[in-house]
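Residue numbers (my numbering): 40 to 143.
Backbone N, C-alpha and C fix where the C-beta goes; we use that ideal spot for every residue, glycine too.
For clarity, every value in this text was computed on a predicted model and none was experimentally measured.
As structure tokens, the structure follows; a few thoughts come after it.
What follows is the structure, encoded as structure tokens:
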């Protein structure tokens with residue numbers, strides 16, 4: 040099974056102004072991801088973990104300090120962030136897949 044993009048950062052202006060934004064946030068929460076930690080300028084993908092069919096969500100997350108605040112990476116001057124992978128617990132809504140298939 041190939042990687043599947045469930046959020047393409049290039050679509051942010053469309054997502055932000057549609058019913059898909061609350062759906063995306065709810066889906067992230069259902070998979071144990073804080074939507075406030077996910078930058079809008081990075082893609083979110085689902086990818087296979089093993090041949091057995093397990094899948095994971097790969098995303099970029101802002102890092103927080105001990106006080107729970109986001110902070111700057113001194114090396115880049117940008118928000119500190121890292122790539123993360125978490126198990127896929129809840130599948131994305133089926134209409135997301137349909138919309139993507141209809142576009143391409």
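Between residue 96 and residue 53, the CB-CB gap reaches or exceeds 8 Å. Taking 8 Å as the upper bound for CB-CB distance, residue 119 and residue 101 are in contact here, some 7 Å apart.
When secondary structure is reduced to three states using DSSP, residue 118 falls in the strand class. In this structure, the beta-carbon distance from residue 84 to residue 45 falls below 8 Å. Shown here for residue 121: same chain residues with a beta carbon closer than 8 Å to its own, the five before and five after excluded, namely 99, 100, 102 in chain order.
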